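Have a look at the structure below before the remarks.
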Amino acid sequence: MPPISRRNVMTAGVIRGGGGLLLFVDGQGKPPTAAWVRERLWGDNLLAYEVWDGAPRAVLRIGNRVRYDLMIPGDWFWPNWPPAPQWQLLGAGYSIGSSDAPATAGFAPCVGMRGERRRRDVELFGQVNDPEIVAMEVLMDGAWKSFPVAATGYVIRVDGLTGPPAKYRWLDAGGRVIRELADLAPTKPQASPDRRMERYERRSGRRSADRDSMPSRSADP
28 MPPISRRNVM TAGVIRGGGG LLLFVDGQGK PPTAAWVRER LWGDNLLAYE VWDGAPRAVL
88 RIGNRVRYDL MIPGDWFWPN WPPAPQWQLL GAGYSIGSSD APATAGFAPC VGMRGERRRR
148 DVELFGQVND PEIVAMEVLM DGAWKSFPVA ATGYVIRVDG LTGPPAKYRW LDAGGRVIRE
208 LADLAPTKPQ ASPDRRMERY ERRSGRRSAD RDSMPSRSAD P
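Adding 27 to a residue's 1-based position in the sequence shown gives its number in this note's numbering.
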């Protein structure tokens with residue numbers, strides 16, 4: 028068996044270490060946990076957090092607005108170890124006015140997309156200020172459909188719903204209706220910068236076939 032040179036051992040070590048680092052870095056781009064987002068980014072301003080289809084989504088209280096948007100990895104921050112992407116909002120979400128009511132609801136038909144074409148199941152988001160609230164119900168086709176929610180906020184995906192629900196209400200553990208509404212809160216689409224959208228699509232491998240034909244959303248001041 029021929030002797031193994033010290034140079035070969037070092038080369039193999041560098042290659043193996045570099046490959047391990049690349050795998051580690053790739054793993055760091057996975058969606059963070061809700062605890063990480065709360066601790067590192069937005070603290071108590073984070074009202075709700077979900078990951079659907081590999082894409083993290085956050086409901087935030089920012090000033091006098093409640094904002095719902097996708098999150099994407101931003102620029103990497105290397106001085107700390109382990110290095111990690113600085114997660115940020117995509118800028119293609121929705122917002123409603125903040126409120127001290129028991130609960131609120133916003134309508135998000137196309138979060139993460141430009142335009143208002145409702146081609147997938149609707150998502151609802153909002154605040155839950157009453158700690159006794161444990162469920163939200165939406166009226167669809169004459170029947171109530173229930174979803175678990177809790178303080179301080181929520182985001183839910185309503186399968187089969189492509190427009191605003193007829194009514195919605197919030198209940199406590201005993202089934203008592205705490206609040207019922209027939210009108211959604213006025214919802215403003217966020218602006219959607221092309222460069223940020225393209226970076227998200229490039230990293231996630233997603234692209235809408237008719238993205239370029241969609242009208243731009245109005246900016247949310």
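The C-beta atom is built at its ideal place from N, Cα and C for all residues, glycine as well.
Note that the structure is a prediction, hence the values are computed from the model and not measured.
query = Cβ atoms of E164 and L206: under 8 angstroms apart, would you say?
reply = For the purposes of this step, residue 206 is taken as residue 179 along the sequence shown, with counting starting at 1. For the purposes of this step, residue 164 is taken as residue 137 along the sequence shown, with counting starting at 1. Checking the displayed sequence, the identity of residue 206 turns out to be Arg instead of Leu. Cβ atoms of R206 and E164: not closer than 8 angstroms.
inquiry  = According to DSSP, L208 sits in a beta bridge with which residue or residues?
reply    = Residue numbering aside, residue 208 sits at position 181 when the sequence shown is read from its first letter. According to DSSP, which records beta bridges pairwise, L208 is partnered with Y195.
query = What does a CB cutoff of less than 8 angstroms around N72 pick up in its chain, not counting 5 residues either side in sequence?
reply = As a first step, residue 72 must be located in the sequence shown, where it is residue number 45. Closer than 8 angstroms at the Cβ level, and outside the excluded window around N72, lie L87, R88, I89.
ask   = At which residues does the beta strand (DSSP E) containing W171 begin and terminate?
value = On the sequence shown, residue 171 is found 144 positions in, with the first residue counted as 1. That run of the beta strand (DSSP E) goes 170–175.
task = Would you mind giving the Cβ-Cβ distance between A75 and V182, rounded to the nearest angstrom? I have them listed as a contact below 8 angstroms.
result = In the sequence shown, the residue the question calls residue 75 occupies position 48. In the sequence shown, the residue the question calls residue 182 occupies position 155. Indeed they touch by this definition, with Cβ atoms about 5 angstroms apart.
inquiry  = Mapping the DSSP letters down to three states, classify D96 as helix, strand or coil.
reply    = Position 69 of the sequence shown, counted from the start, is the residue given in the question as residue 96. Reduced to three states, the DSSP call for D96 is strand.
inquiry  = Using the three-state DSSP reduction, which class does G202 fall into: helix, strand or coil?
reply    = The sequence position of residue 202 within the sequence shown is 175, counting from 1. The answer is coil: DSSP assigns G202 none of H, G, I, E or B.
CB of L117 within 8 angstroms of CB of D148, strictly = For the purposes of this step, residue 117 is taken as residue 90 along the sequence shown, with counting starting at 1. For the purposes of this step, residue 148 is taken as residue 121 along the sequence shown, with counting starting at 1. No, the Cβ-Cβ distance between L117 and D148 is not below 8 angstroms.
key: Candidates S125, A170, W69, D168: closest to T214 by CA position   = Here residue 214 refers to the residue found at position 187 of the sequence shown. The residue with the shortest Cα to Cα distance from T214 is S125.
key: Bridge partners - Q154, DSSP secondary structure assignment   = Numbered from 1 along the sequence shown, position 127 holds the residue referred to as residue 154. G180.
Pairwise C-alpha distance: E150 and A85 = Numbered from its first residue, the sequence shown carries residue 85 at position 58. Numbered from its first residue, the sequence shown carries residue 150 at position 123. Taking the straight line joining both Cα atoms gives about 12 angstroms.
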